[in-house]
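Reading through the structure tokens given below for one structure.
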Amino acid sequence: MPELKICGVNDAAFAAEAERLGANYLGFIFAPGTPRAVTPEQVTGIVRGLSGSARRVGVFVKQSPDEIVSTMRQVGLDIVQLHRRASSEDVAAIRSAGYEVWTLAGGVPGDGVLFDSSHGDGETVLRQGKYKSILAGGISVDNLATARLAEPDVIDVSGSLESSRGVKSIPLLRAFIASWNESRRK
206 MPELKICGVN
216 DAAFAAEAER
226 LGANYLGFIF
236 APGTPRAVTP
246 EQVTGIVRGL
256 SGSARRVGVF
266 VKQSPDEIVS
276 TMRQVGLDIV
286 QLHRRASSED
296 VAAIRSAGYE
306 VWTLAGGVPG
316 DGVLFDSSHG
326 DGETVLRQGK
336 YKSILAGGIS
346 VDNLATARLA
356 EPDVIDVSGS
366 LESSRGVKSI
376 PLLRAFIASW
386 NESRRK
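Under my numbering, the first residue of the sequence shown carries the number 206, and numbering increases by one thereafter.
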């Protein structure tokens with residue numbers, strides 16, 4: 206059974222509910238100027254109210270490895286996701302700081318590789334390898350069963366849990382988790 210990552214988390218109540226409902230990972234996007242962007246200060250406030258049962262993923266687009274490591278330490282996150290084509294130097298520098306690294310397909314593989322159909326800078330066809338495979342991009346209640354058929358290690362959900370772009374919805378989260386749990390029983 207795949208694990209579940211809820212990404213684009215930017216609200217404390219939503220994060221707490223996602224964790225309570227069993228999300229394995231919570232993703233925080235550090236990409237200024239985007240609708241789901243958060244600051245280190247916002248994330249510090251959000252994670253303060255969490256139990257710690259979900260691993261916390263920092264999603265970075267343009268930052269240098271030094272900036273990423275600094276933010277990760279400041280906020281207390283667990284995994285770095287490079288949402289760009291990563292170089293071997295980027296991956297090595299972040300790993301040397303003690304972090305698991307997930308990369309976007311099409312770049313150097315990390316500990317996890319994200320296959321994201323909504324991102325034009327990577328390969329989107331899921332392939333298994335010596336890494337954790339993460340499937341993302343447009344996954345919703347309507348296509349969850351199809352996403353599971355690809356047998357990824359992690360399913361990454363974001364936009365389908367929003368009432369408008371960047372605004373997470375607890376009712377949509379609950380509906381998705383109900384569908385997730387129902388599909389696990391089949």
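The C-beta atom is built at its ideal place from N, Cα and C for all residues, glycine as well. Owing to the predicted nature of the structure, the values given are computational and were not obtained by experimental measurement.
{"query": "Given the structure, does R300 come close to the ligand MN, in the sense that its CB is under 7 angstroms from one of the ligand's heavy atoms?", "result": "The ligand MN is not part of the structure shown, which contains no ligands of any sort."}
{"query": "Alpha carbon to alpha carbon, how far is E224 from S368?", "result": "19 angstroms"}
{"query": "Is the beta carbon of R261 less than 8 angstroms from the beta carbon of F233?", "result": "yes"}
{"query": "Would the stretch 342 to 360 count as touching the stretch 316 to 323 if we require 3 or more Cβ pairs under 8 angstroms?", "result": "yes"}
{"query": "Which stretch, first to last residue, makes up the alpha helix (DSSP H) that contains R225?", "result": "217 to 225"}
{"query": "Could you tell me which of L349, A352, V266, V248 sits nearest to F219, measuring between CA atoms?", "result": "V248"}
{"query": "Would you tell me roughly how many angstroms separate the C-alpha atoms of A310 and V252, rounded to the nearest one?", "result": "28 angstroms"}
{"query": "By how many angstroms is the C-alpha of V372 removed from the C-alpha of V243?", "result": "12 angstroms"}
{"query": "Provide the residue span of the alpha helix (DSSP H) that contains S293, from first to last.", "result": "293 to 301"}
{"query": "Give the straight-line distance between the Cα atoms of V280 and E246, rounded to the nearest whole angstrom.", "result": "8 angstroms"}
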